[in-house]
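Everything below concerns the one structure shown next.
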Amino acid sequence: MEESVRIWINPIEFGPTKPEQTPPSLSVREGENITLHCKSSSTVSTLVWYRQDFGKEPVFLMMLTRAKEVKPQGRVTAQFGDKRKNSSLLIEDSQPEDSATYFCSVEAQ
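Sequential numbering from 1 applies to the sequence shown in my numbering.
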């Protein structure tokens, strides 16, 4: 029996730049790929992805600092846009244990 994977998104603001994240939440079937997006109105020097399980502290996933940077980590891959204004987080073959809130934070250049 397939289970669903529930994802929530919540951007973190550090300084004057608050990123926009999409989609705000989603529910997919187990095994489907999930892509989350983080976008800034200005160029950023650092973009960080976090994951927070319900009732727990956020956990660092990965940091991006270079344009077009791609960082794979198991089934999760983060990518920085060529102008350092956006990023995507891909979760492949989603599993029920991927259900969590995901955050991006940005540091302005």
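Ideal placement from N, C-alpha and C gives every residue a C-beta, glycine not left out. Model, not experiment: these values are computed from the prediction.
* Nearest residue (CA-CA) to leucine 90, options Arg66, Ser105 and Leu61 -> Out of Arg66, Ser105 and Leu61, Leu61 has the C-alpha closest to the C-alpha of leucine 90.
* Taking the alpha-carbon positions, what's the lysine 83 to glutamine 21 distance? -> Computed Cα separation, rounded: 17 Å.
* Asked: In three-state terms, what does DSSP make of proline 96?
  -> In the structure shown, proline 96 falls within a helical segment according to DSSP collapsed to helix, strand and coil.
* List the DSSP bridge partners of glutamate 69. => Per DSSP, glutamate 69 has no beta-bridge partner at all.
* Measure the Cβ-Cβ separation of proline 24 and valine 106 and say whether it is below 7 Å. => Going by beta carbons, proline 24 and valine 106 fall outside the 7 Å limit.
* To do: Identify the continuous beta strand (DSSP E) that holds asparagine 86 and give its terminal residues.
  => Per DSSP, the unbroken beta strand (DSSP E) holding asparagine 86 starts and ends at 86 to 91.
* Asked: Which residue comes first and which comes last in the beta strand (DSSP E) that contains phenylalanine 80?
  -> 76 to 80 is the extent of the beta strand (DSSP E) around phenylalanine 80.
* Could you give the DSSP three-state label for phenylalanine 54: helix, strand or coil? => Coil at phenylalanine 54, not helix or strand.
* **Inter-residue Cα distance where the pair is glycine 31 and arginine 75** => If I take the Cα positions, the gap works out to 11 Å.
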